[in-house]
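Numbering (full-length UniProt numbering), first residue to last: 1 to 788.
Where is the CB? At the ideal position from N, CA and C, for every residue including glycine.
None of these values were measured; they are calculated from a predicted model.
Below you'll find the structure, written out as structure tokens, and then a few comments.
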DNA sequence: CTAGGGTTAG
């Protein structure tokens, strides 16, 4: 009944229907399924090119399995259907299946296209070696490579860096094959040279090309950019007759990566004036550049421009742009703006979540950061790193370490950045043993050349009081940067080695590392701790003159602190009145502290009043004020200050000290009754005091800030948290081991005196890190020389 | 062929 004629007509109809299923048509898969089921319903058995066509469409759909099912029912599948499947498997990343299909295809039916499909597959799966191997096989099997072969095998070769010989061989082969006049082949060859960083050869080939297309230009420009030859790239772009957005984008991002913000912004402006079409790449780059350089105003302008210019952006467009905006705003201290962008995003991905998480965490809004962390639909190692470092830096060292361990059990092997966060936690906590263990793990995992981890380790050792280890690390790190130098200078400063800190600074200049604003903060602090007033003033004055760094409020605060400690209170007052900012709380705090040390009650009261005005909820100002009254014996005023504090609901941060013993951190509060061994600590302390008195120790009761009987005062003194922690450590650490104790506030004057005698009595070194600096007590002396 | 998220120093 069905004549061959009729079948042919039906087949032609199906064939023309299947023509509608081309890859760009989003409906092609469902359309093909519909046509296919019509075939089944009407009893039509597709063969030959119609069958191949159907297989090909399924191959390019998300359901390769449909294609495979059809394929498996063909008794003798031809090379066309095989080629479709090989491409499909390779394209979807299933390179093993592709290779299987390839291998089981008899040599007799293979053709060029078939080899090309497999080579392209390898190159798509980033296996350059397999590309070349198959290319050689193809030559052995006596097939002639064509343009497509060269293009894809060159693409594969480009994946293998630094293969100069192979590049040259390939070049020769291209020349011999006569494919040298085909642009796509030459472009691929240029790309290979670029990828092997053979820029001279790449450029030579590029210049010799008779004809160039857009890809030729972009390959050359981006090649220069990727090989860090920005100026060569720029020259090429400036000489381009047509304006290719991609090349401009590459330029901009290249400039940004090298911190050449000005040139990047100039290109961006030029793009605008010439009228070169900008795309999402342009916007994201430039916004991200603004974020890094802290250019809020410009970033906002670009944001507005994007909103005006791009009517209804697709998710592909808006997602990266919005991600860059989130980062821009939080880096410019506008976390709430960042949040608004984040909230209004039609689609978000992991990058968006990580960006907003960083924003909250960096702003110290840890509670909100935590809840973002918990809510996140997925996390990666970056998520963990952000959270761990954020916790460490905002005083949640223990939680940071906990998270670091949790990360190991839950998700990924920590990378060196995650280690960096954990090490910072140890630095904050003073957990030396824990830090040492992390260091050991780092070495074992081969991360010991990591710059960030190394820098964190310098700080960790320094902040745990082990200067030698910090110094050795600094000297043996395979490479160091300005952060390392800053860390080391800061370490010396905190330990009171002002002269050495300045020496190191000079050495830093000598090796050609430019100081930044942080360098100057650290050297000003170093001078302040060591009483190097003239030096500090000199460097303060030189920072702008010699290095173009404009002193910020924080630098002025250090200068005021430097003068105040040295008793030059009036000079400090002059700095405050002449500085180009409205003096903020830190400046007044420094002045107040100086007034207290040098007993200038009048100026001190002025400072304290300003401070309390600025920060009515800040405990420090009330405490300093009342301490000052107490020093002068004005107990009524002490009471008044304390009452004011109580009335305003301000609570004094309780003194708290801790010490690591046998890998465990033991915490002591003032007048502690919580620690399980506190009674024996008190007993031991009393014994020590008896021996200390024999050497001349007299408790200095002027550090007791309440009015009471002197005997009672002495009891209060001996209950200070730092004394308890030191005594505990002396009891429990191995004989002769250095004691390292940490305190959240500044050390008390009597404790400072007591530890000198104590170090003599027990013949051991006692190291105390307080809120500001280190004190090393040894043989009745302190490293600070009583200047603190 | 070009873009978006991290770290260390005070």
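Using the beta-carbon count (16 or more within 10 Å), is residue 407 buried or exposed?
The residue given as residue 407 occupies position 407 in the first chain. By the C-beta density criterion, residue 407 is buried, having at least 16 other C-beta atoms within 10 angstroms.
Considering only the beta carbon of each residue, do residue 152 and residue 105 sit closer than 7 angstroms?
The residue labelled residue 152 in the question sits at position 152 within the first chain. The residue labelled residue 105 in the question sits at position 105 within the first chain. No, the Cβ-Cβ distance between residue 152 and residue 105 is not below 7 angstroms.
Shortest alpha-carbon distance to residue 764 belongs to which of 771, 775, 748 and 737?
Here residue 764 corresponds to residue number 764 of the first chain, with the count starting at 1. Residue 764 has its Cα closest to that of 737, out of 771, 775, 748 and 737.
Report buried or exposed for residue 373, applying the criterion of at least 16 other Cβ atoms within 10 angstroms of its Cβ.
As a first step, residue 373 is located in the first chain; it is residue number 373 there, counting from the start. Its Cβ being crowded by 16 or more others within 10 Å, residue 373 is buried.
Per DSSP, residue 775 is paired with what?
Along the first chain, read from residue 1 onward, the residue named residue 775 stands at position 775. Residue 775 is bridged by DSSP to 768.
DSSP state of residue 790, grouped into three classes?
Examination of residue 790 is not possible in this model, given that the chain is present from 1 through 788 alone.
Could you tell me which uninterrupted alpha helix (DSSP H) segments, each at least 4 residues in length, are contained entirely in the stretch 499-555, listed from first to last along the chain?
517-530 and 533-547
Apart from the five residues just before and just after residue 609, which ones in its own chain have a Cβ nearer than 7 angstroms to its Cβ?
To locate residue 609, count along the first chain from 1; it is residue 609. Once the five neighbours on either side are set aside, residue 609 has no close Cβ partner at all.
Assign residue 739 to one of three DSSP states: helix, strand, or coil.
Here the question's residue 739 lines up with position 739 in the first chain. Three-state result, residue 739: strand.
Along the chain, where does the alpha helix (DSSP H) that runs through residue 652 open and close?
Numbered from its first residue, the first chain carries residue 652 at position 652. Looking at the DSSP string, residue 652 is not in any alpha helix (DSSP H), and its letter there is neither H nor E.
My output table needs one value for residue 781: the three-state DSSP class, helix, strand or coil.
To locate residue 781, count along the first chain from 1; it is residue 781. It is a strand residue.
Whose CA, out of 421, 712 and 158, lies closest to the CA of residue 131?
Walking along the first chain from the start, residue 131 turns up at place 131. Nearest of 421, 712 and 158 to residue 131, Cα basis: 158.
Please classify residue 689 as buried or exposed, where buried requires at least 16 other C-beta atoms within 10 Å of its C-beta.
Looking up residue 689 in the first chain gives position 689. Buried: at least 16 other Cβ atoms inside 10 Å.
Suppose you measure from the CA of residue 127 to the CA of residue 73; what does that come to, to the nearest Å?
Here residue 127 refers to the residue found at position 127 of the first chain. Here residue 73 refers to the residue found at position 73 of the first chain. Spanning the two alpha carbons is a distance of roughly 32 angstroms.
What is the rounded straight-line gap between the Cα of residue 85 and the Cα of residue 94?
To locate residue 85, count along the first chain from 1; it is residue 85. To locate residue 94, count along the first chain from 1; it is residue 94. Cα to Cα, residue 85 sits roughly 11 angstroms from residue 94.
Quick one, are the C-beta atoms of residue 113 and residue 83 less than 7 angstroms apart?
In the first chain, counting from the first residue as 1, residue 113 sits at position 113. In the first chain, counting from the first residue as 1, residue 83 sits at position 83. Yes; because the gap between Cβ atoms is below 7 angstroms, this pair is in contact.
Could you tell me which of 209, 409 and 254 sits nearest to residue 231, measuring between CA atoms?
As a working note, residue 231 is residue 231 in the first chain. Among 209, 409 and 254, the Cα nearest to that of residue 231 belongs to 254.
Could you tell me which residues DSSP puts in a beta bridge with residue 666?
Position 666 of the first chain holds residue 666. DSSP, once it has assigned bridges, lists 659 as partnering residue 666.
Pick from 597, 79 and 552: whose alpha carbon is nearest that of residue 576?
Numbered from 1 along the first chain, position 576 holds the residue referred to as residue 576. Nearest option by C-alpha distance: 552.
Between which two residues does the alpha helix (DSSP H) containing residue 334 stretch?
Here residue 334 corresponds to residue number 334 of the first chain, with the count starting at 1. From DSSP, residue 334 is part of no alpha helix (DSSP H); its letter is neither H nor E.
Taking the Cβ atom as the reference point for each residue, do residue 671 and residue 719 lie within a distance shorter than 7 angstroms?
Locating residue 671 in the first chain gives position 671, counting from the first residue. Locating residue 719 in the first chain gives position 719, counting from the first residue. At the C-beta level, residue 671 and residue 719 come within 7 angstroms of one another.
Excluding the 5 residues flanking residue 233 on each side, which residues of the same chain have their C-beta closer than 7 angstroms to its C-beta?
In the first chain, the residue the question calls residue 233 occupies position 233. Around residue 233: 221, 224, 225, 251 and 254.
Could you give the first and the last residue of the continuous alpha helix (DSSP H) run that contains residue 69?
Numbered from its first residue, the first chain carries residue 69 at position 69. Unbroken alpha helix (DSSP H) run through residue 69: 64-72.
Taking buried to mean at least 16 other C-beta atoms within 10 Å of its own C-beta, is residue 282 buried or exposed?
Along the first chain, one-based indexing puts residue 282 at 282. When all chains shown are included, residue 282 counts as buried.
Thinking just about the alpha-carbon of each residue, which of 322, 710 and 392 is nearest to the one in residue 307?
Working through the first chain from its first residue, we reach residue 307 at position 307. Among 322, 710 and 392, the Cα nearest to that of residue 307 is on 322.
Given that a residue counts as buried once 16 or more other Cβ atoms are within 10 Å of its Cβ, and exposed if not, what is residue 494?
Start at 1 with the first residue of the first chain, and residue 494 comes out as number 494. Residue 494 should be labelled buried.
Give, in chain order, every unbroken run of the alpha helix (DSSP H) that is at least 4 residues long and sits entirely within the stretch 248-305.
Unbroken alpha helix (DSSP H) runs of no fewer than 4 residues, entirely contained in the stretch 248-305, are found at 261-274 and 280-293, following chain order.
Going by beta-carbon coordinates alone, are residue 423 and residue 438 separated by less than 7 angstroms?
Counting from one through the first chain, the residue named residue 423 turns up at place 423. Counting from one through the first chain, the residue named residue 438 turns up at place 438. Closer than 7 angstroms, so yes.
Please determine, among 687, 686 and 620, the residue with the shortest C-alpha to C-alpha distance to residue 745.
Translated into positions along the first chain, residue 745 becomes position 745. Among 687, 686 and 620, the Cα nearest to that of residue 745 is on 620.
Closer than 6 angstroms by C-beta to residue 625: which residues in its own chain qualify, once you throw out the five before and the five after it? Chain order, please.
Position 625 of the first chain, counting from 1, holds the residue named residue 625. Excluding sequence neighbours, residue 625 sits near 608 and 641.
So, residue 826 versus residue 430, is the Cβ gap smaller than 7 angstroms?
For the chain, the structure presents residues 1 to 788; residue 826 sits outside this window and is missing.
Starting from residue 52, trace the alpha helix (DSSP H) both ways and give me its first and last residue.
The residue you call residue 52 lines up with position 52 of the first chain. From DSSP, the alpha helix (DSSP H) with residue 52 extends over 48-59.
Is the stretch 432-452 touching the stretch 712-731 in the sense that three or more CB pairs, one from each, lie closer than 8 angstroms?
No: the two stretches stay apart, fewer than three of their Cβ pairs being nearer than 8 angstroms.
Kindly indicate which three-state DSSP category residue 22 falls into: helix, strand or coil?
The count along the first chain starts at 1 and reaches residue 22 at position 22. Three-state result, residue 22: coil.
Within 10 angstroms of its Cβ, does residue 479 collect 16 or more other Cβ (buried), or is it exposed?
Mapped onto the first chain, residue 479 falls at position 479. Per the 10 Å Cβ criterion, exposed.
Specify the secondary structure class of residue 464 as computed by DSSP and reduced to three states.
As a working note, residue 464 is residue 464 in the first chain. Three-state DSSP puts residue 464 in coil, outside helix and strand.
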